[in-house]
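Numbering (this note's numbering), first residue to last: 1369 to 1454.
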C-alpha cells in the first residue's frame, strides 16, 4: 500500500480516477460531460492559482507540473506551507 501524506497529490489522483470510472461505468453521456468539465475546471484552477507570476529560478514547465499534480509551485510541502525560501 502506498502511503503519501499529500492531499494535493491524492486530489489529482481522484480527479483522474473519477473520469476513468465514469467513462467505463456510466452509460449516461451527461455524467461523462459533467465529470470531464469538473476535472477541467479543477485543473485550470490549479494552474492559475492566486499567484499570477512564476518564480524566476524555477522553469515554467516544472512549476506547471507541480501546480497540476501537487497544487503548489514546488515539490516540498514543508517549504511551501511554512513559506520558507525555495
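All residues carry an ideal CB built from backbone N, CA and C; glycine is no exception.
Note that the coordinates shown come from a computational prediction; the quantities given were computed from them, not determined experimentally.
{"Check": "In terms of residues, what are the limits of the alpha helix (DSSP H) holding residue 1430?", "Outcome": "1428-1438"}
{"Check": "Would you say residue 1439 and residue 1414 are within 7 angstroms of each other, going by their C-beta atoms?", "Outcome": "yes"}
{"Check": "Are residue 1383 and residue 1407 touching if we call contact CB-CB under 7 angstroms?", "Outcome": "yes"}
{"Check": "Pick helix, strand or coil for residue 1415, following the three-state DSSP scheme.", "Outcome": "helix"}
{"Check": "Tell whether a beta-carbon distance below 7 angstroms holds between residue 1390 and residue 1403.", "Outcome": "yes"}
{"Check": "Span of the alpha helix (DSSP H) holding residue 1394?", "Outcome": "No alpha helix (DSSP H) holds residue 1394; DSSP gives it neither H nor E."}
{"Check": "Given that a residue counts as buried once 16 or more other Cβ atoms are within 10 Å of its Cβ, and exposed if not, what is residue 1421?", "Outcome": "exposed"}
{"Check": "Based on Cα-Cα distance, which residue from 1447, 1450, 1434 lies nearest to residue 1376?", "Outcome": "1434"}
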